[in-house]
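Residue numbers for the sequence shown follow UniProt numbering, beginning at 1 and rising by one. Here a beta-carbon is modelled for each residue, glycine too, at the ideal position from N, C-alpha and C.
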Amino acid sequence: MNERVVEVNALPPLRFAEAGGLARAEYLRFAELADTLTEADWERPTECAPWTVRLLVAHVLGSVEANASPREMLRQMRHGLRGLTVDVDPVSAVQVEHRQHLGPAELTTRLRTAIPSAVRWRSRWSRLAGGLPLRIGAPLHETWRLRYLVDVIYTRDVWMHRVDVCRATGREVALRADHDGRIIADVVAEWARRHGAPFTLTLDGPAGGRFLRGDGGPALELDAVEFCRILSGRSTGDGLLATPVPF
């Protein structure tokens with residue numbers, strides 16, 4: 001854990017080169033994890049019911065392949081369009097539906113094949129059209145800028161699903177301060193913006209740190225990964241920890 005206290009208002013947002021580097025690294029780390037799974041691991045249930053590990057990897061593959069191909073992205077998005085709003089769950093469902101027949105070897109091979117193009121296209125969308133508004137429907141009901149989706153959310157989603165796979169298969173989550181710590185710090189910064197209250201937060205573990213906003217708020221301490229699980233809705237929290245953050 002980084003012992004330096006970070007003022008969250010000073011944390012820079014993830015943009016362009018840094019976002020692209022984190023995206024590539026997280027894709028590769030997810031692929032490396034998938035390569036280690038046993039035959040039994042692939043059929044284990046996950047916290048993303050009703051998905052097994054194999055179906056969860058199919059979802060991640062669908063997202064990566066959408067990012068690697070504008071045509072595939074549009075095809076998937078059509079399933080979630082409700083007027084000018086995109087509902088997230090139908091898009092995830094079609095990603096799984098069209099890949100649920102794939103075995104482990106096909107899933108991992110296609111994942112690694114799509115990663116380079118996915119990173120390139122995400123960077124292009126961020127640079128060329130990052131300011132475009134995107135209306136997100138159920139279950140979030142928010143309006144995002146496109147760069148937030150491609151620079152932040154897609155990486156968070158894969159990161160959290162790597163945690164899901166580790167928990168489902170009894171593995172330790174591989175964590176590094178420079179990679180996972182940066183992703184988690186960005187989550188902290190957004191969580192702070194969303195609730196707007198003062199706090200002191202200590203996140204334990206290799207990717208944790210100490211964060212501060214204002215004076216007089218509650219002092220919170222918990223595991224860094226568990227903090228993200230709570231904000232994503234996978235576990236429950238109260239007080240400021242009841243403020244959700246999109247993953």
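Verify whether the separation of the beta carbon atoms of residue i and residue j is less than 9 Å.
i      : j      : result
Val53  : Arg44  : yes
Ala207 : Arg176 : yes
Leu203 : Gly196 : no
Phe247 : Cys228 : yes
Ser232 : Tyr154 : no
Ala192 : Arg213 : yes
Val8   : Val188 : yes
Arg110 : Val150 : no
Arg167 : Glu47  : yes
Thr36  : Arg171 : yes
Between the options, which lies nearest to residue i when the distance is taken from Cα to Cα?
i      : options                           : result
Ala34  : Val8, Val119 and Pro104           : Pro104
Thr108 : Ala31, Ile136, Gly130 and Glu190  : Ala31
Thr143 : Leu149, Leu134 and Asp151         : Leu134
Val119 : Gly21, Arg234 and Leu14           : Gly21
Met95  : Leu102, Gln76 and Gly83           : Reading off the sequence shown, one finds Gln at residue 95, where the question assumed Met. Minimum Cα distance to Gln95 is reached at Gln76.
Tyr148 : Ser126, Asp215, Val158 and Val163 : Ser126
Could you have a look at residue i and say whether DSSP puts it in helix, strand or coil?
i      : result
Gly21  : helix
Arg145 : strand
Glu43  : coil
Asp178 : coil
Glu7   : strand
Asp223 : strand
Thr155 : helix
DSSP has residue i in a bridge; who is on the other side?
i      : result
Val86  : Leu81 and Ile136
Arg213 : Phe199
Asp204 : Asp223
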